[in-house]
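A quick write-up on the structure given underneath.
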Amino acid sequence: MIPFKLKQQKGFTLIELMIVVAIIGILAAIALPAYQDYVVRSRITEGLNLSGSAKLAVVSEGTSTLTDLVRVSNSWNSQNGFLGATSKYVTSVCITRGGANCVGNIDATNADGVITITYNEAVVGLPAGNNQIRLIPYVRTGVVAVPTLQAELTAGNNSGSVDWACISATTASANSRFNAALIGLANGVPERFVPAECR
35 MIPFKLKQQK GFTLIELMIV VAIIGILAAI ALPAYQDYVV RSRITEGLNL
85 SGSAKLAVVS EGTSTLTDLV RVSNSWNSQN GFLGATSKYV TSVCITRGGA
135 NCVGNIDATN ADGVITITYN EAVVGLPAGN NQIRLIPYVR TGVVAVPTLQ
185 AELTAGNNSG SVDWACISAT TASANSRFNA ALIGLANGVP ERFVPAECR
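Numbering-wise, the working numbering puts 208 at position 174 of the sequence shown, and it's gapless, one number per residue.
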């Protein structure tokens, strides 16, 4: 009797290939949303980087008197057709004025030094109507309740170091850092897209 010989298989079976394709599909389904969130976060960071110049202007030129803060705010806001600073992802970066643009006369009654970053939600990938982050200047003077820059300048005080509270849709980080009771923005960037300091 002639012994039966099996041919040695070369390559993969169809089932093995299907299993590999299924595993790759599952990994892609998990990785894609995480990558999309990462891309949005990097675009949000661009707006925070743009606000650095506005923060510097407030700290270096607007912390002596309310008049200085008014001058700095109006000067900054008049840039780029009353949009402050802009980029592909950022619609405006305004001092004291928030919203679609920085138009409006700032005077001693409303100068607060708050920087509002408004994002182009369609380009960034944000949900409609959730496109702002605010940076609120506080003055660290050694007291437990940290006063805002506006409160200090109104009281005639100009000593201490300026520190910034960042708020978005949530405010837990800012409230704990500044012993404050800030409320999240109704149109704030969702928590999952902002850096830890803005949550």
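The beta-carbon is built from N, C-alpha and C at its ideal position, and this holds for glycine as well. Keep in mind the model is a prediction, meaning the values are calculated, not measured.
Taking 4 residues as the minimum length, the alpha helix (DSSP H) runs contained wholly in the stretch 78-112 are 100-111, in order along the chain. Secondary-structure assignment with DSSP links CYS128 through a beta bridge to THR150. Looking at the DSSP output, GLN166 shares a beta bridge with THR152, GLY222. ASN192 and ILE64 have their alpha carbons spaced roughly 52 Å apart. When the beta-carbon positions are compared, ILE140 and ASN111 come within less than 9 Å of each other. A straight line joining the alpha-carbon of LEU187 with that of VAL106 spans about 14 Å. A residue is called buried when at least 16 other Cβ atoms come within 10 angstroms of its Cβ; THR101 does not meet this threshold and is exposed.
Apart from the 5 residues on each side of it in sequence, ALA162 sits with its Cβ closer than 7 Å to the Cβ of GLU155 in its chain, given in chain order.
ARG75 is the residue among VAL54, ILE60, ARG75, VAL55 whose C-alpha sits nearest the C-alpha of GLY159. In the three-state DSSP reduction, CYS200 falls in the strand class (E or B).
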